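Undergrad: Here it is: the structure, laid out below.
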Amino acid sequence: MKTNDVIFQTVAKVVFFMIIFFAVHLFFAGHYYPGGGFVGGLLTSGAIVLLMLAFDMKTVKQGFSVDFKWLISLGLLFSAGTAAGSLIFNVPFFTHAYDYFQLPLFGKTSLHTAMLFDLGVYLVVIGVTMTIIQTIGESE
Amino acid sequence: MINLPVLPILIPLIAAIVLLFVSKSVLAQRVVSVIASASTVVSALILMAKVKSDGIQTVDMGSWPAPFGITLVSDMLSILLVLTASIITLCVVLYSFRSIGNGRERFYYYPIVQFLLLGVNGSFTTGDIFNLFVFFEIMLMSSYVLIVIGSTKIQLRESIKYILVNVISSAIFVIAVGFLYSVTGSLNMAHISARISEISTEPIITVLAVLFLIVFGLKGAIFPLYFWLPGSYAAPPAPILALFGSLLTKVGIYAILRTYTLFFYHDQPFTHDLMSLLALLTIVAGVIGALAYRDVKQILIYNIIIAVGVLLFGIATMTEESIAGTLFYLIHDMIVKAALFLLGGIIIYIAGTSNLTKMGGLIRQYPALGWTFLLASFALAGIPPLSGFTGKLLIVRAGFSEGEYVGSIVVLLSSLAVLYSVVNLFMEAFWKTPETPLPDVKKQTGSLFIPAAVLVLLSVLYGVGTEAVYPYVMQAVDTLIHPEIYIDAVLKE
Numbered sequence: 001m002k003t004n005d006v007i008f009q010t011v012a013k014v015v016f017f018m019i020i021f022f023a024v025h026l027f028f029a030g031h032y033y034p035g036g037g038f039v040g041g042l043l044t045s046g047a048i049v050l051l052m053l054a055f056d057m058k059t060v061k062q063g064f065s066v067d068f069k070w071l072i073s074l075g076l077l078f079s080a081g082t083a084a085g086s087l088i089f090n091v092p093f094f095t096h097a098y099d100y101f102q103l104p105l106f107g108k109t110s111l112h113t114a115m116l117f118d119l120g121v122y123l124v125v126i127g128v129t130m131t132i133i134q135t136i137g138e139s140e
Numbered sequence: 001m002i003n004l005p006v007l008p009i010l011i012p013l014i015a016a017i018v019l020l021f022v023s024k025s026v027l028a029q030r031v032v033s034v035i036a037s038a039s040t041v042v043s044a045l046i047l048m049a050k051v052k053s054d055g056i057q058t059v060d061m062g063s064w065p066a067p068f069g070i071t072l073v074s075d076m077l078s079i080l081l082v083l084t085a086s087i088i089t090l091c092v093v094l095y096s097f098r099s100i101g102n103g104r105e106r107f108y109y110y111p112i113v114q115f116l117l118l119g120v121n122g123s124f125t126t127g128d129i130f131n132l133f134v135f136f137e138i139m140l141m142s143s144y145v146l147i148v149i150g151s152t153k154i155q156l157r158e159s160i161k162y163i164l165v166n167v168i169s170s171a172i173f174v175i176a177v178g179f180l181y182s183v184t185g186s187l188n189m190a191h192i193s194a195r196i197s198e199i200s201t202e203p204i205i206t207v208l209a210v211l212f213l214i215v216f217g218l219k220g221a222i223f224p225l226y227f228w229l230p231g232s233y234a235a236p237p238a239p240i241l242a243l244f245g246s247l248l249t250k251v252g253i254y255a256i257l258r259t260y261t262l263f264f265y266h267d268q269p270f271t272h273d274l275m276s277l278l279a280l281l282t283i284v285a286g287v288i289g290a291l292a293y294r295d296v297k298q299i300l301i302y303n304i305i306i307a308v309g310v311l312l313f314g315i316a317t318m319t320e321e322s323i324a325g326t327l328f329y330l331i332h333d334m335i336v337k338a339a340l341f342l343l344g345g346i347i348i349y350i351a352g353t354s355n356l357t358k359m360g361g362l363i364r365q366y367p368a369l370g371w372t373f374l375l376a377s378f379a380l381a382g383i384p385p386l387s388g389f390t391g392k393l394l395i396v397r398a399g400f401s402e403g404e405y406v407g408s409i410v411v412l413l414s415s416l417a418v419l420y421s422v423v424n425l426f427m428e429a430f431w432k433t434p435e436t437p438l439p440d441v442k443k444q445t446g447s448l449f450i451p452a453a454v455l456v457l458l459s460v461l462y463g464v465g466t467e468a469v470y471p472y473v474m475q476a477v478d479t480l481i482h483p484e485i486y487i488d489a490v491l492k493e
């Protein structure tokens, strides 16, 4: 008998966006409130796993046509690159820079290079989690 | 350039990331690996010249001053070891082209090797005890992948043991660091050292010393914590085994050397006697294994354990002379073990088996390989003027002048056992008439032989040019004997 999971799939579609938004919120809040790249990444991959449960691997792969292993390398490049940027300015390794900017929509915002490092962490966490789940899910 | 000490860590990291991007093309991986390894060696050489002329180099990461941020400290000891590790990795990468096989090459072999070098160089360079733990984990996780890559049955079985032992020892490491932090309130190694010397009479310090000895003893294969090593190291193929045998256990020894010269030098009658006893038992256990087996890999693996024992005995004696001997022997042993494992790999490749009883007569077709192996064997045993001699001489002399007669005699006798085990290997593999005559067709081993021969040549030069190396080693010894130099360089007081 073919199971009918129309309720699950409909709810998953809505909840997916709620989780993603929460993940992005956690990611950007990391500097001043609990959160950051690690939880943000885990939550994002949680959202993708929800879609995988509701639909199947193939459909989700069509939706996200990225190789998650490639995401790991990209994230590492971001983090290492942020840290290595200090080499160009001849300041000690890992020295970060920040300043306050007047942005059109957000008003006075502080921008910090630590965010770029965190972006790398975020991408690596998504990449690693999804690679693990995909590899185990696809192996016979 | 104030970031010089970072480069031997950063280059392998960047290389590994680039290698992950180009994982589809084997040719690109080989080219990037060689370029990256070679530039790591060059950066280490430049850094060594800098340390020689200007003294200890430190980088306060993120511009946070010393006890609050992570500090990378490149003193002469660490840069000598970083240089040796980088050279060995370069040779192993070159050796891997022919021997590791296409399947492994496509499955992230080269990036993992770079990650291993990153972990090893980081462990040698860091000046923060928790950062040391992190670099240990980078090194260990790469070694987990390397031990299982290829997934033959024996590798799967041994990797489970290896991972289990190392996960437990890492957990003890974290507990030990937690204890140390609750006692001293700092994670910066120089700061911890200064704090410990204020409360040196507290017995908790001795407990911590023993706890750290257990942790690093598990990593460095000291009696009775070496039980996992012979099985696990026999599983992976020769180039991986060469990396493990020359780098991984030596990082454990380095950590013992660092912590026992920087932190735990106050209660020497207890801790150093314990270490001395364990060192001698390690030598005996290694000797028994090396003499018992008739298998190329096992004989060489038990020789690692003997060397660990000798090094530990040098640390336990704790005079200027014995520490100098330990350093000489440490660098010699890293180079010559890598060379021996690579040569052993060629022997196994030619004979098609690692069982000594089944091979023989190789000298007729492979004279260069045979004589190089014999040369490496003599260097391992410490025959002058080859590289193993100076280190052992200094260790034994220091032992005698400190009244450690039993220990020194055991070290001397262990050299005989080492010599017997490797020369026996040579005789069986190269001289003996084989049971089944060798095929007439000679296997091509040139591209395998050259990296191994370079290491042997390096070991010979290291032995002959002891006089040239001596000032470098003595500068390293100076920092180890006088921890104030290290503390002042880091805390800048």
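Heads up: the protein sequence lines correspond to chains A and B, in order. So that you can map any letter, position 92 of the first sequence is 92 in UniProt numbering, and since no number is skipped, the others follow by simple counting. So that you can map any letter, position 320 of the second sequence is 320 in UniProt numbering, and since no number is skipped, the others follow by simple counting. Even glycine gets a Cβ: it sits at the ideal position worked out from N, Cα and C. Predicted, not measured: the structure shown is a model, and the values here were computed from it.
#1: With a threshold of 8 Å, are at least 3 pairs of Cβ atoms found where one atom belongs to the segment 14–25 of chain B and the other to the segment 69–77 of chain A?
#2: Using a Cβ-Cβ cutoff of less than 7 Å, which residues in the same chain neighbour residue 133 of chain A once the five nearest sequence positions on both sides are dropped?
#3: Go ahead and label residue 49 of chain B buried or exposed: buried means 16 or more other beta carbons lie within 10 angstroms of its beta carbon, across all protein chains shown.
#4: So who's on the other strand from residue 126 of chain B, going by DSSP bridges?
#5: Taking 8 Å as the cut-off, does the segment 189–200 of chain B touch the segment 228–236 of chain B (at least 3 CB pairs, one atom from each stretch)?
#6: Given residue 39 of chain B, which residues of its chain have a CB within under 7 Å of its CB, disregarding the five upstream and five downstream residues?
#7: Residue 180 of chain B: buried (16+ other C-beta within 10 angstroms of its C-beta) or exposed?
#8: Starting from residue 245 of chain B, trace the alpha helix (DSSP H) both ways and give me its first and last residue.
#9: Quick check: the Cα distance between residue 495 of chain B and residue 126 of chain B, rounded to an integer number of angstroms?
#10: Considering only the beta carbon of each residue, do residue 172 of chain B and residue 215 of chain B sit closer than 8 Å?
#11: Near residue 16 of chain A, what residues of its chain come up, given a Cβ to Cβ distance below 7 Å and the 5 sequence neighbours on each side ignored?
#12: List the residues of chain B that residue 4 of chain A touches, going by C-beta distances under 7 Å, in chain order.
#13: Do residue 395 of chain B and residue 325 of chain B have their beta-carbon atoms positioned less than 8 Å apart in this structure?
#14: Distance, Cα to Cα, residue 267 of chain B vs residue 406 of chain B?
#15: Give me the Cα-Cα distance between residue 62 of chain B and residue 105 of chain B, rounded to the nearest whole angstrom.
#16: Using CA atoms only, rank isn't needed, just tell me which of A/87, A/118, A/99 and A/64 is closest to residue 35 of chain A.
#17: Going by Cα to Cα distance, which pick from B/68, B/373 and B/461 is closest to residue 331 of chain B?
#18: Of the residues that make up the segment 64–86 of chain A, which ones have a beta carbon closer than 9 Å to any beta carbon in chain B?
#19: With three or more beta-carbon pairs closer than 8 Å as the criterion, would you say the segment 297–312 of chain B touches the segment 258–267 of chain B?
#20: Rank A/33, A/62, A/19 and A/53 by C-alpha distance to the C-alpha of residue 144 of chain A and give the top, closest one.
#21: Given that a residue counts as buried once 16 or more other Cβ atoms are within 10 Å of its Cβ, and exposed if not, what is residue 31 of chain A?
#22: What three-state label does DSSP hand residue 232 of chain B in the structure shown?
#23: Residues of chain B with CB closer than 8 Å to the CB of residue 91 of chain A, please, in chain order.
#24: Using a Cβ-Cβ distance under 8 Å, would residue 59 of chain B count as near chain A?
#25: Any beta carbon of chain B sitting closer than 8 Å to that of residue 129 of chain A?
#26: Taking residue 96 of chain A as the query, report the chain B residues whose CB atoms sit under 7 Å from its CB, ordered along the chain.
#27: Among the candidates B/36, B/65, B/60 and B/75, whose CA atom is the shortest distance from the CA of residue 54 of chain B?
#28: When the cut-off is 8 Å and only beta carbons count, does residue 21 of chain B lie next to chain A?
#29: Hey, is residue 112 of chain B's beta-carbon within less than 8 Å of any beta-carbon in chain A?
#30: What are the boundary residues of the alpha helix (DSSP H) that residue 156 of chain B is part of?
#31: Rounded to whole angstroms, what is the Cα-Cα separation between residue 371 of chain B and residue 132 of chain B?
#32: Kindly list the residues whose CB is nearer than 7 Å to the CB of residue 318 of chain B, restricted to its own chain and excluding five residues on each side of it in sequence; keep chain order.
#33: At least one CB of chain A closer than 8 Å to the CB of residue 34 of chain B: is that the case?
#34: Let me check understanding here. Comparing Cα to Cα, which of B/205, B/381, B/304 and B/162 lies closest to residue 223 of chain B?
#35: Report the rounded CA-to-CA distance for residue 494 of chain B versus residue 418 of chain B, giving the unit in angstroms.
#36: In chain order, what residues of the same chain have a beta carbon less than 7 Å from the beta carbon of residue 94 of chain A, not counting five sequence neighbours either side?
TA: On the basis of the supplied data:
#1: yes
#2: 49
#3: exposed
#4: B/72
#5: no
#6: 11
#7: buried
#8: No alpha helix (DSSP H) holds residue 245 of chain B; DSSP gives it neither H nor E.
#9: The question about residue 495 of chain B has no answer here: the residues shown for chain B are numbered 1 through 493.
#10: yes
#11: 47, 50 and 51
#12: Per Cβ cutoff of 7 Å: no residues; residue 4 of chain A is ~41 Å from chain B at best.
#13: yes
#14: 22 Å
#15: 36 Å
#16: A/118
#17: B/461
#18: 69, 70, 72, 73, 74, 76, 77, 80, 81, 83, 84 and 86
#19: no
#20: Since the first residue of chain A shown is 1 and the last is 140, residue 144 of chain A is not available in this structure.
#21: exposed
#22: helix
#23: 2 and 63
#24: yes
#25: no
#26: 62
#27: B/75
#28: yes
#29: no
#30: 153–184
#31: 40 Å
#32: 268 and 272
#33: no
#34: B/304
#35: In the structure as shown, chain B starts at 1 and stops at 493, and residue 494 of chain B therefore has no counterpart that could be examined.
#36: 83 and 86
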